[in-house]
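Participant: Here you go, one structure.
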Amino acid sequence: MYERILVCTDGSELSAHAVTHALNLAKTSGAKLLALRVIPRYRQSYLEGGPIVDQKLDSRIEASWVEHAQSELAAVKQAGKDIGVPVKGLVVKSELVADAIISTAEKQKADLIVMSSHGRKGYKRLLLGSETQHVLTCSEIPVLIIRKKPKKK
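Position one of the sequence shown corresponds to residue 46 (this note's numbering), numbered consecutively onward.
Here is the structure:
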């Protein structure tokens, strides 16, 4: 059914649910899992329009973000190895997270994108925006959304 499943992670507990679902789906369908972590570009996101302060410091900060992302992806790779699912880790630098997810899925020839969503509604959704919503509405590749389970009262 699926041959290449792309799952997006940011290291959060919520994205861990999406990773678990994607790993299980990949195992069931015999697919390869592509684990994607999108990180920002330091200069564009924090110092846009400002003077160059210290390029070496900027490079170290960006390198630490890449290193952190790679360690998150290493955990996904290990989880895949534990259940017999091949996992390829991908780190992409971009300010436009949803666009990076879609373009990576297309480049990697994924046939499914798995993402998590908080399931926010109303004004919170409008104010906070939603990368998941953007991917869902703009991707030509099918998208599976893993929602946060409501807390039991």
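Think of the CB as a built atom: it goes at the ideal place given N, C-alpha and C, for glycine as much as any other residue. Since the model is a prediction, treat every value here as computed from it, not as a measurement.
Between which two residues does the alpha helix (DSSP H) holding Val180 run?
Facilitator: For the purposes of this step, residue 180 is taken as residue 135 along the sequence shown, with counting starting at 1. 176 to 183 is the span of the alpha helix (DSSP H), which, as asked, contains Val180.
Participant: Which term fits Glu117, buried or exposed, when burial requires 16 or more other beta carbons within 10 angstroms of its beta carbon?
Facilitator: Mapped onto the sequence shown, residue 117 falls at position 72. Buried.
Participant: Using the three-state DSSP reduction, which class does Ala76 fall into: helix, strand or coil?
Facilitator: Stepping through the sequence shown from its first residue, residue 76 is reached at position 31. In this structure, Ala76 counts as coil in the three-state DSSP scheme.
Participant: Using the DSSP secondary-structure output, state which residues sit across from Lys189 in a beta bridge.
Facilitator: Residue numbering aside, residue 189 sits at position 144 when the sequence shown is read from its first letter. Reading off the sequence shown, one finds Leu at residue 189, where the question assumed Lys. Per DSSP, Val159.
Participant: As an exercise, report each continuous alpha helix (DSSP H) stretch of at least 4 residues that is fully enclosed by the segment 98 to 154, in chain order.
Facilitator: 100 to 128, 142 to 152
Participant: From Val64, Leu81, Ala143, Lys101, pick the residue whose C-alpha is nearest to that of Gln115; which is it?
Facilitator: Position 70 of the sequence shown, counted from the first residue, corresponds to residue 115. Taking only the C-alpha atoms, the option nearest Gln115 is Leu81.
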